[in-house]
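I have placed the structure first, in the form of C-alpha cells, so that the comments after it can refer back to it.
Protein chains: 2
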Amino acid sequence: MAIAPPKTRRGENSRAAIFGAALDLFRERGYDATTMRAIADWAGVSLGSSYHYFPSKDHLVLELYRHLHELHRAAVAPVLARERDLAARLRGVIRAIVMTCEPYHDVAGALFSTVADPRSRVNPFHEESKPLRDEVIALYAEVVNGSDVRLPDDLAAALPRLLWLYQMGILYFWILDRSPSRLRTLELIDETSELVVQLLRLANLPVLRRSRQRALKLIASIVGD
Amino acid sequence: MAIAPPKTRRGENSRAAIFGAALDLFRERGYDATTMRAIADWAGVSLGSSYHYFPSKDHLVLELYRHLHELHRAAVAPVLARERDLAARLRGVIRAIVMTCEPYHDVAGALFSTVADPRSRVNPFHEESKPLRDEVIALYAEVVNGSDVRLPDDLAAALPRLLWLYQMGILYFWILDRSPSRLRTLELIDETSELVVQLLRLANLPVLRRSRQRALKLIASIVGD
DNA sequence: GCTCAAAGTTGAACATGTTCAAATCCACTT
DNA sequence: AAGTGGATTTGAACATGTTCAACTTTGAGC
Chain A
197 MAIAPPKTRR
207 GENSRAAIFG
217 AALDLFRERG
227 YDATTMRAIA
237 DWAGVSLGSS
247 YHYFPSKDHL
257 VLELYRHLHE
267 LHRAAVAPVL
277 ARERDLAARL
287 RGVIRAIVMT
297 CEPYHDVAGA
307 LFSTVADPRS
317 RVNPFHEESK
327 PLRDEVIALY
337 AEVVNGSDVR
347 LPDDLAAALP
357 RLLWLYQMGI
367 LYFWILDRSP
377 SRLRTLELID
387 ETSELVVQLL
397 RLANLPVLRR
407 SRQRALKLIA
417 SIVGD
Chain B
197 MAIAPPKTRR
207 GENSRAAIFG
217 AALDLFRERG
227 YDATTMRAIA
237 DWAGVSLGSS
247 YHYFPSKDHL
257 VLELYRHLHE
267 LHRAAVAPVL
277 ARERDLAARL
287 RGVIRAIVMT
297 CEPYHDVAGA
307 LFSTVADPRS
317 RVNPFHEESK
327 PLRDEVIALY
337 AEVVNGSDVR
347 LPDDLAAALP
357 RLLWLYQMGI
367 LYFWILDRSP
377 SRLRTLELID
387 ETSELVVQLL
397 RLANLPVLRR
407 SRQRALKLIA
417 SIVGD
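For the protein sequence lines, the chains are A and B, in the order given.
To convert a position in the first sequence, counted from 1, into my numbering, add 196.
To convert a position in the second sequence, counted from 1, into my numbering, add 196.
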C-alpha cells in the first residue's frame, strides 16, 4: 500500500493541488463533511486522480499529520535553541503542538477517532505510520538531550517515547476541551509538564533504581518497537 | 437519538433476532465484513427493520458492549465472592473482561474507535454514556471494597475510576495484541495488576500524602464527572 | 366484527468511499 | 514527424451505511 510518488512535474502539481484542497476543506467543513468528490472538484481534478495519489481518505489524514509535524518542528526551533530548562522546553513543545493543531480543532475529533482506530493504517502503533512516529519521538529526544538534566541511561532511552505518549494524552484532552479559548488545556500543560519533571527527579533517586528498571522494562514491552 | 424500544411482543422478537444475527456474524466474520444487509438477511427481516431498532451499525456495537458487560459481571461474581486479596481480585476481573471479549476481538477494534471518538455519544467522557460507565466503575468499587486493603479516603474515592481507566488501557493493548493466543495480554495483566497494588502501597505512605493529594486533584480535574 | 391509530415492515433510493479498465498525455527515440 | 511506453487522467460502476415514504399488521375500544 505504498503511495506512488509523482514522477513528473505535472504529477507533482496534481498531488499538491489535491492535498491543498483537502487542507482547505478539512479546515472549513471538517472531516466527515469533506467528501472525496469535493476534494477532487476543489483541486480541479477527477475523483480517480485523487485516488491515484492518495490510496484512501485516511492517507490524506496521514499527510495532514505529516504537514502538522513540519509546522510544529518549525514553531519549536526557537524554544529549543534558547531554553535549557527541561520543564520549560517540554512546556514550549507541547504548547506549540496544541497551537499548531488549533485551526483543525473541529476536525481533530474525527481525525482522532480515525487515528485511534486499531484497524486504521493511520493508527500510531501501525507499521505504516512508523516513519512519522519515529520523527516525533526524535523531536522529544532533542527536547531531553538539549536540556541540562542528567538522567540514568535506561531512563534517557525510554523517555522520548514516553513524552510522545504524553503529547498524545494532552492532544486527546485538547480535543475534548470545550473551555473558552481552550484555557483548560493550557493550564493542564502547565501543571503536567511541571509534574513530569518532578517525576523524573523522583526516578533519579538511587533508592528507586530497582523499581525504575522494572517499570521501564514493562513500558518497553508495551510500546517498544 | 434515543433508541425506540420495542412496544410489542413481535417487536421484541425482531429486535432480538437482529441483535442475535449481529452477534453471530460479528463473531464469525468480524465487523467490517458484516454488512447490515447480511445481518437483516440472517435475522429474517428487511434492511429497513434493522434500522428501526438500531439507528446505526455503531448502535449494534454499543449493544454488544452492554451485552459483554453483563457477561463480564456474571463471570466475575465467583472471584469477587471468594477472593479477598486486592491483586488477585483485580487480576481476576481484568482477565475476565479480556476472556469475555475474546470472541469479538475483531469487533472490539470498531468498538474502541467508536468509543474513543470525541464526537460520539458513546465516548466514555460523554454525558450520555454515563449509565453504563457508572456501572463499570461500580464494579471496580466492588473490587476495592470487597478486598482487605485499607486506603485513605481520597484515594479510595478516586480508585474505581482509575481502575476503569486501567481496564481501558488493557483492552486497547489486547485489541492491538497479535501474539499467539493473546498471551502477551495475559502476561501484561499479571504484571500490571501486581504493579497497581504496589503503587497503592506506595501512595499509602504518609510521606507522600501531599503528592498524593495533588495527583488526585489533577486526575479529578481531567476525568472528573 | 369493525375501525383506526400505533407499531412494525419494506425495499427503493441516496451518499460516499473505492476500484478499474480505458482514454489521454507527454517526453523521448528513431 | 511518427512511434512508443510509461505516467496520468477519467468517469462509470460497485459496495455498503443510511434514509424515508408507503404499506401491512396488530390489538384495543366500540
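No residue lacks a Cβ here, since even glycine has one placed at the ideal position from N, Cα and C.
Nothing here was measured: the structure is a model prediction, and the numbers come from that model.
Chain-ordered neighbours of residue i on chain B, where CB pairs are closer than 8 angstroms
i: A/Arg357; result: None at all; the shortest Cβ gap to chain B is about 15 angstroms.
Inter-residue Cα distance where the pair is residue i and residue j
i: A/Gly342; j: A/Leu282; result: 8 angstroms
i: A/His301; j: A/Ile371; result: 7 angstroms
i: B/Phe308; j: B/Val332; result: 16 angstroms
i: A/Arg346; j: A/Arg397; result: 10 angstroms
i: B/Ala337; j: A/Asp254; result: 40 angstroms
i: A/Phe222; j: B/Leu243; result: 32 angstroms
i: B/Arg278; j: B/Glu390; result: 19 angstroms
i: B/Asp313; j: B/Pro402; result: 40 angstroms
i: A/Gly226; j: A/Asp373; result: 17 angstroms
i: A/His263; j: A/Ala271; result: 12 angstroms
i: A/Pro348; j: B/Leu395; result: 22 angstroms
i: A/Leu404; j: A/Glu324; result: 37 angstroms
i: A/Ala236; j: A/Glu208; result: 15 angstroms
i: A/Trp238; j: A/Thr204; result: 21 angstroms
i: B/Met232; j: B/Glu224; result: 14 angstroms
i: A/Leu379; j: B/Leu379; result: 43 angstroms
i: B/Ala273; j: A/Ala273; result: 55 angstroms
i: B/Arg406; j: B/Leu335; result: 28 angstroms
i: A/Thr230; j: B/Thr230; result: 26 angstroms
Of the residues the options, the one placed nearest residue i, counting alpha carbons only
i: A/Pro251; options: A/His268, A/Tyr227, A/Leu398, A/Phe215; result: A/Phe215
i: A/Leu359; options: A/Arg317, A/Arg378, A/Val419; result: A/Val419
i: A/Ser377; options: A/Pro402, A/Leu335, A/Glu298, A/Tyr362; result: A/Glu298
i: A/Tyr322; options: A/Leu379, A/Ala334, A/Leu258, A/Glu266; result: What sits at residue 322 of chain A in the sequence shown is His, not Tyr. Out of A/Leu379, A/Ala334, A/Leu258, A/Glu266, A/Leu258 has the C-alpha closest to the C-alpha of A/His322.
i: A/Ala306; options: A/Ile290, A/Leu412, A/Leu361, A/Leu367; result: A/Leu367
i: B/Leu260; options: B/Val303, B/Arg406, B/Ile290; result: B/Val303
i: B/Arg206; options: B/Val339, B/Met232, B/Ser245, B/Thr230; result: B/Ser245
i: B/Glu387; options: A/Thr388, A/Ser417, A/Val393; result: A/Ser417
i: B/Leu361; options: B/Leu286, B/Arg410, B/Thr231, B/Glu266; result: B/Leu286
i: A/Val392; options: B/Lys326, B/Val340, B/Leu414, B/Trp238; result: B/Leu414
i: B/Val339; options: B/Ala284, B/His265, B/Thr230, B/Pro327; result: B/Ala284
i: A/Pro327; options: A/Arg410, A/Glu224, A/His265; result: A/His265
7 angstroms CB neighbourhood of residue i in its chain, flanking five on each side removed
i: B/Arg211; result: Pro202, Tyr249
i: B/Arg408; result: Leu351, Ala399
i: B/Phe369; result: Thr381, Leu384
i: A/His268; result: Ala292, Ile293, Thr296
i: A/Gly240; result: Ala213
i: B/Ala234; result: Leu221
i: A/Ser375; result: none
i: B/Arg357; result: Ile333, Val419
i: A/Val318; result: Asp254, Val257, Leu258, Thr310, Val311, Ser325
i: A/Ile290; result: Gln363, Ile366, Ile385, Ser389
i: B/Arg410; result: none
Neighbourhood of residue i by C-beta distance below 8 angstroms, restricted to the same chain and skipping five residues each side
i: A/Asp344; result: Arg280, Asp281, Leu282
i: A/Pro427; result: Because chain A spans 197 through 421 in this model, residue 427 of chain A falls outside it and cannot be assessed.
i: A/Ala200; result: His248, Tyr249
i: B/Ser316; result: Asp254, Thr310, His322
Close Cβ partners of residue i (< 6 angstroms) along its chain, the five nearest in sequence each way excluded
i: B/Asp228; result: none
i: B/Leu256; result: Ala218, Phe250
i: A/Val275; result: Gly288
i: B/Leu412; result: Asp350, Ala354
Contacts that residue i makes with chain A (C-beta to C-beta distance below 7 angstroms)
i: B/Glu387; result: Leu414
Residue i: contacting residues in chain A (beta-carbon distance under 8 angstroms)
i: B/Ser309; result: Ser309, Thr310, Ala312, Asp313, Pro314, Arg315, Ser316
i: B/Phe369; result: Ile418
Chain-ordered neighbours of residue i on chain B, where CB pairs are closer than 7 angstroms
i: A/Leu372; result: Pro314, Phe321
Listed by chain order, chain A residues near residue i by CB distance under 9 angstroms
i: B/Leu384; result: Leu414, Ser417, Ile418
* Length at least 4, wholly inside the segment 207-245 of chain A: the alpha helix (DSSP H) runs in chain order -> Scanning the segment 207-245 of chain A from its first residue to its last, the whole alpha helix (DSSP H) runs of 4-plus residues come out as 232-239.
* To do: Would you mind listing the alpha helix (DSSP H) stretches within the segment 299-343 of chain A that are 4+ residues and don't spill past its ends, in chain order?
  => Runs found: 301-312, 326-341.
* **4-residue-minimum alpha helix (DSSP H) runs that sit fully inside the segment 358-410 of chain A, ordered along the chain** => DSSP runs (the alpha helix (DSSP H)) wholly in the segment 358-410 of chain A: 379-400.
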